[in-house]
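Trainee: Chains as they are written, first to last, in the numbering used here: chain A, 1 to 556; chain B, 1001 to 1280.
All residues carry an ideal CB built from backbone N, CA and C; glycine is no exception.
Dropping the structure in here first, questions after.
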């Protein structure tokens, strides 16, 4: 028994601006929420990028005084926090929100209102964090934005060392935001396990759905320890507890363990969706079925499992026992095996394929190259003696930017170019897309490649300036010039989005001749997604319809 | 999604959860509760009230009935064009130049024996170097042990020439494990080398392995690196390669099932099927 609001006359009056605002605020539609997630993430991406630009401007030459040390501390804290929590997380949840129901033939997520609640918690959490720029100083006269780094090591976060409320804003903003992520994680797991259309067994799910399932499980496991640690820190700061106060009998190492028990799985929470996007895009643009689907699934599950047991490699410099170091060195190296399987399978999909280098494929190929470099330097860092040499240096900064920018952001752009026609009904401009790719690819390598060298030369991360006699000048200048090239690339993207929304070529339902269910409905999809719930017989249902003489179900 | 959706194609619209501002209000309330901690307690009170209002509205959205709206079908129903034919299949089995699968292999036992023989030959050369260079056969043993015993890296040549039980045990274990593993690898890889197997076993692999060890030890443990005579090191590796190749290549070869038919692999006996075990 349900209560229905009948629209009556289907020809509705065009809503006013306020009406449209209300429509978006009150929506429980997974597609609208997906768009809101991604749009908010992209806005925060521009803000985080601006913060990075200011830091690189400061570091372009030795002895620069453009920024004060405390401003620099706030900038790297907000940049890291923004990019991880307010860019990576919302975009991956947004894409999952939009496309998981479409790919499994469902009309919405399992709990649509909880989905809306999750988005608004994330949104307000982000606003609360940035309100620290005004609130922390304006109301208490102490500090401004948080300045303790994105992993907020104790005891620097204790009240003795971090006066005012800037660190409290960091705790509370992320706490609220992480509640939203947990809510969406629950929603995704339930949806994927219970709402698949007829015929879609687990081994017939698109890889995006598989990867988001594992991703949501990781969110459920990794986020609560962070929330617990943040509440403990809040108790330390506001109620005089001593969880992380060493002088009061607490343990600073406890914070590191709790944070990185969240923090390293978080890297995989961010990168698994990147794997998902390229796993969808590469087969379509190579005109081949994905190579080794069962192994891709097994590798995903393995990565999810192993990623929960590697966090101590962030703690090698603490001086733990050789036994502990050796175990976590081994587990960290172990994760290279399923990741390597994925790399080989993507390349295996490309081999012998009829590759079309449209913009989504260009970005996917860029992802393969850059993520490979980030992965290899990750294996280098898993070796304890090497980690000791370069720990907390720019080598590490270069490494994780190759993973998270080269890996995640390049795949996000690939996903945007791939699914933009489905979401908006219009194609993005190919020429502008290619300009963006090459500028971003060049600028990225110019920025983050030299960081490996400056790190090997001993430049620590998070210093606000340096002397001219260290041999770091050239590498820092190159990194800063690279940022300018990247800005040009991002400008092409913004221009492309605005231009394509207004004048983009009409996309039609299936502009890429693709195979998953989202391409069987109109672009943009109607509110109910599918007029009739589809039934599938293989992993590529549209292929089966397009090629009845040679359907996939014969081989699966 | 309801079962009705699937079965009734003549329905007027499709039911979906009705829009509601309850999640928005509730989330805003929760955020204000937390924001009050760092601003003013009144903010938390407002947040609490908003949270309760949102929760009550949410409650009414789902109880007693799940409130839904019925959306009209907009008529945009794309057609998927059928394009039969034109599907090319990759012929992987007909591309032998891309994969060399041996029809005959050495038994794994040959690799183990080769590893043992190579390990003995290598130890003899290393012992000769120790005797010639430092008048002690324990010198190379201690250096091997020093790769996992950091204290040994700081000892001088005289100290390294003496007997150390721990270094001997660890050195022996490391040497035995490495020799067996590399012997096994030789046993597996050698049949796949089309030509110049002796050159591969006794020249190419020793040189590559020496280069890898030299480059990495210089970074990982430069002090230890200074104690090693790399020309003798190459000699010991060549001795290993020669001995291992000799033992492995003299072992009896056994046929693989790579070119058997499925019937032969499953052990079916039938007229027309060749005798079991044939690989010709």
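Let me confirm a value: residue 1002 of chain B is counted as buried when at least 16 other C-beta atoms fall within 10 Å, else exposed. Which label applies?
Mentor: With a pLDDT of only 41 at residue 1002 of chain B, under 50, the local geometry of the prediction cannot be trusted, and no value is derived from it.
Trainee: Using DSSP with H/G/I as helix, E/B as strand and the rest coil, what is residue 434 of chain A?
Mentor: Here residue 434 of chain A sits in helix by DSSP.
Trainee: Strictly under 8 Å for the Cβ-Cβ distance: is residue 1170 of chain B near chain A by that measure?
Mentor: No, residue 1170 of chain B does not count as interfacial toward chain A.
Trainee: Please check the pair residue 310 of chain A and residue 335 of chain A, which I expect to be a contact at CB under 8 Å, by giving their CB distance rounded to whole angstroms.
Mentor: Confirmed, about 6 Å.
Trainee: What whole-angstrom Cβ distance do residue 530 of chain A and residue 107 of chain A have, given they're in contact under 8 Å?
Mentor: Yes, they are in contact, since the Cβ atoms of residue 530 of chain A and residue 107 of chain A sit about 7 Å apart, within 8 Å.
Trainee: When DSSP labels each residue in this structure, what does residue 536 of chain A get in the three-state scheme?
Mentor: If DSSP states are grouped into helix, strand and coil, residue 536 of chain A belongs with coil.
Trainee: Ordered along the chain, which non-local residues of its own chain (more than five positions away) have a Cβ less than 7 Å from that of residue 442 of chain A?
Mentor: The residues are 485.
Trainee: State the DSSP-derived secondary structure class of residue 197 of chain A, mapped to helix, strand or coil.
Mentor: In this structure, residue 197 of chain A counts as coil in the three-state DSSP scheme.
Trainee: Does the CB of residue 176 of chain A have a neighbour CB from chain B at under 8 Å?
Mentor: Output row for residue 176 of chain A: interface = yes.
Trainee: I want to verify the contact list: residues of chain B whose CB lies under 8 Å from the CB of residue 172 of chain A, in sequence order.
Mentor: Within 8 Å Cβ-Cβ: 1034, 1035, 1037, 1038.
Trainee: Check whether the Cβ of residue 147 of chain A lies closer than 8 Å to any Cβ atom in chain B.
Mentor: No, residue 147 of chain A lies away from the interface with chain B (no Cβ there is under 8 Å from its Cβ).
Trainee: Measuring alpha carbon to alpha carbon, tell me which of B/1112, B/1255, B/1227 ends up nearest residue 1155 of chain B.
Mentor: When only C-alpha atoms are compared, the closest one is B/1227.
Trainee: Using 10 angstroms around the beta-carbon of residue 1244 of chain B, count the other beta-carbons present and answer buried if the total reaches 16, otherwise exposed.
Mentor: The residue is buried, with at least 16 neighbouring Cβ atoms inside 10 Å.
Trainee: In chain A, what lies closer than 9 Å to residue 1045 of chain B by C-beta?
Mentor: Residues of chain A passing the Cβ test: none, with the nearest at roughly 17 Å.
Trainee: Counting only beta-carbon separations shorter than 8 Å, does residue 168 of chain A have a partner in chain B?
Mentor: Answer yes: the Cβ-Cβ gap between residue 168 of chain A and chain B drops below 8 Å somewhere.
Trainee: Between residue 1074 of chain B and chain A, is the shortest Cβ-Cβ distance under 8 Å, so that the two count as touching?
Mentor: Yes, its Cβ sits closer than 8 Å to a Cβ of chain A.
Trainee: Cutting at 8 Å between CB atoms, please list the residues of its own chain near residue 1135 of chain B, excluding the five before and the five after it.
Mentor: Excluding positions up to five away in sequence, the list reads 1161.
Trainee: Against chain B, with Cβ distances strictly below 8 Å, would residue 116 of chain A count as a contact?
Mentor: For residue 116 of chain A, the answer is yes, since a Cβ of chain B falls inside 8 Å of its Cβ.
Trainee: Near residue 538 of chain A, which residues of its chain fall below 7 Å by C-beta distance, leaving aside the five closest residues on each side in sequence?
Mentor: These residues qualify, in order along the chain: 204, 544, 551, 552, 553, 556.
Trainee: Name, please, each residue of chain A whose Cβ falls closer than 7 Å to the Cβ of residue 1030 of chain B.
Mentor: Those within 7 Å of residue 1030 of chain B in chain A are 121, 176.
Trainee: Inspect the beta-carbon positions of residue 1241 of chain B and residue 1205 of chain B and report whether they are closer than 8 Å.
Mentor: Contact flag set, yes.
Trainee: Where does the unbroken beta strand (DSSP E) through residue 1014 of chain B begin, and where does it stop?
Mentor: 1013-1017 is the span of the beta strand (DSSP E), which, as asked, contains residue 1014 of chain B.
Trainee: Would you call the region 220-236 of chain A and the region 165-177 of chain A touching, i.e. three or more CB-CB distances under 8 Å?
Mentor: Cβ pair count under 8 Å is three or more, so yes.
Trainee: Would you identify the three-state DSSP class for residue 1040 of chain B, choosing helix, strand or coil?
Mentor: Residue state, collapsed to three classes: coil.
Trainee: Alpha carbon to alpha carbon, how far is residue 1021 of chain B from residue 117 of chain A? Give it in angstroms, no decimals.
Mentor: Whole-angstrom Cα-Cα distance: 10 Å.
Trainee: Against chain A, does residue 1165 of chain B count as a neighbour if the rule is that its beta carbon must be under 8 Å from one of theirs?
Mentor: False, the Cβ-Cβ gap to chain A never drops below 8 Å.
Trainee: Here's a check: name, in chain order, each residue in its chain whose Cβ is nearer than 8 Å to the Cβ of residue 614 of chain A, leaving out the five neighbours to either side.
Mentor: For chain A, the structure presents residues 1 to 556; residue 614 of chain A sits outside this window and is missing.
Trainee: Please state the DSSP three-state secondary structure of residue 360 of chain A.
Mentor: Residue 360 of chain A: helix per DSSP, three-state reduction.
Trainee: Output the distance between the C-alpha atoms of residue 1229 of chain B and residue 379 of chain A, rounded to the nearest integer angstrom.
Mentor: Approximately 29 Å between the Cα atoms of the pair.
Trainee: Identify which residue in A/257, A/249, A/344 has its Cα closest to the Cα of residue 293 of chain A.
Mentor: Of the listed residues, the one whose Cα sits closest to residue 293 of chain A is A/344.
Trainee: Can you check which of these residues, A/313, A/445, A/213, is closest to residue 392 of chain A by C-alpha distance?
Mentor: Of the candidates A/313, A/445, A/213, the one whose C-alpha sits nearest the C-alpha of residue 392 of chain A is A/313.
Trainee: Taking buried to mean at least 16 other C-beta atoms within 10 Å of its own C-beta, is residue 163 of chain A buried or exposed?
Mentor: Result: exposed.
Trainee: Taking a Cβ distance cut-off of 8 Å, strictly less, list which residues of the region 1016-1028 of chain B are near chain C, in chain order.
Mentor: This model lacks chain C altogether; the protein chains it does include are A and B.
Trainee: Considering only their Cβ atoms, is the gap separating residue 104 of chain A from residue 209 of chain A smaller than 8 Å?
Mentor: Result yes, Cβ atoms of residue 209 of chain A and residue 104 of chain A sit closer than 8 Å.
Trainee: Exposed or buried, which one is residue 403 of chain A when buried takes at least 16 other CB atoms within 10 Å?
Mentor: It counts as buried.
Trainee: Run the CB neighbour count on residue 1061 of chain B, radius 10 Å, all protein chains shown included, and call it buried at 16 or more, exposed below.
Mentor: That one is buried.
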